[in-house]
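These notes are about the structure you will find just below.
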Amino acid sequence: MYYIVNSLITEKGQQTFALIGLAEDKKQAAALAAEVYKDYNKNASFQNIEMITEWLETRRKYSFRKDKEHRLQLAITEAAELGQALSPEAGLVFSAAAEEEELARRMSQALFEGQHTASRGQFPQQAGNCPMEN
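The numbering of the sequence shown is the working numbering, which starts it at 93 and goes up by one.
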């Protein structure tokens, strides 16, 4: 069985998708992906990299966010036999819809809890706030 290693880097609204490599087993694939993580996160400790490698080997995907605008997503996809198509679940590498759904869920929850102002991080938006009070 072969494994394909991919990365998706999001930086300030730009996304870069890359094919990292092909490995014969999950352990090799996880090591390839961990190297990309190590290059992306220069402050990662040896223990952290070992933990990420184990995670990738078992879960086959990992997401690391430096801050709001910088994110690395790694995925290890099992390759099908020659001449066979992957199932839709096995062929899915990344899904942007999941992140959008999470954002919609959080906004819905905030409205349900009675919040009527929007904010980005620690700084509230001055323009466009809803004038209603709780």
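We put the beta carbon where it would ideally sit given N, CA and C, even for glycine. As the structure is a prediction and not an experimental result, all values here were calculated from the model.
Problem - Counted within 10 angstroms of its Cβ, other Cβ atoms place S155 as buried (16 or more) or exposed - result: Position 63 of the sequence shown, counting from 1, holds the residue named residue 155. If you draw a 10 Å sphere on the C-beta of S155, you find fewer than 16 other C-beta atoms in it, and that means exposed.
Exercise for the section: Give the DSSP-derived three-state secondary structure of Y129 in the structure shown. Expected result: Translated into the one-based positions of the sequence shown, residue 129 becomes position 37. The answer is helix: DSSP assigns Y129 an H, G or I state.
Exercise for the section: Pull up the distance between the alpha-carbon of V128 and that of G206, whole angstroms please. Expected result: Walking along the sequence shown from the start, residue 128 turns up at place 36. Walking along the sequence shown from the start, residue 206 turns up at place 114. Here the alpha carbons of G206 and V128 stand approximately 42 Å from one another.
Handout entry: C-alpha gap between K130 and I144, whole angstroms
Key = The residue given as residue 130 occupies position 38 in the sequence shown. The residue given as residue 144 occupies position 52 in the sequence shown. Cα-Cα distance, rounded: 10 Å.
Problem - Contacts around A110, its chain only, beta-carbon distance under 6 Å, and the 5 residues preceding and following it disregarded - result: As a working note, residue 110 is residue 18 in the sequence shown. Counting only Cβ-Cβ distances below 6 Å, and skipping sequence neighbours, we find S99.
Problem - Cβ pair count under 8 Å reaching 3, the stretch 131-150 against the stretch 193-202 - result: The stretch 131-150 vs the stretch 193-202: no contact.
Practice task
Output the distance between the C-alpha atoms of A125 and I101, rounded to the nearest integer angstrom.
Solution key: By 1-based counting over the sequence shown, the position of residue 125 is 33. By 1-based counting over the sequence shown, the position of residue 101 is 9. A125 and I101 have their C-alpha atoms spaced approximately 13 Å apart.
Exercise for the section: Quick one: grab the DSSP three-state call for K119. Expected result: Against the sequence shown, residue 119 aligns to sequence position 27. In the structure shown, K119 sits in a helix (DSSP, three-state: H, G or I).
Exercise for the section: Using beta-carbon positions only, say whether A121 and I168 come within less than 8 Å of one another. Expected result: As a first step, residue 121 is located in the sequence shown; it is residue number 29 there, counting from the start. As a first step, residue 168 is located in the sequence shown; it is residue number 76 there, counting from the start. If you check the CB distance, A121 and I168 come in under 8 Å.
Handout entry: Own chain partners of R163 with C-beta closer than 6 Å, once the 5 adjacent residues on each side are dropped
Key = Position 71 of the sequence shown, counted from the first residue, corresponds to residue 163. Cβ within range, chain order: T102, R157.
Problem - E194 versus I112: straight-line alpha-carbon distance, rounded - result: Start at 1 with the first residue of the sequence shown, and residue 194 comes out as number 102. Start at 1 with the first residue of the sequence shown, and residue 112 comes out as number 20. Between the C-alpha atoms of E194 and I112 there is a straight-line separation of about 28 Å.
Exercise for the section: Please name the residue in K119, K160, E161 whose C-alpha comes closest to that of V97. Expected result: The count along the sequence shown starts at 1 and reaches residue 97 at position 5. If we check each option's Cα against that of V97, K119 comes out closest.
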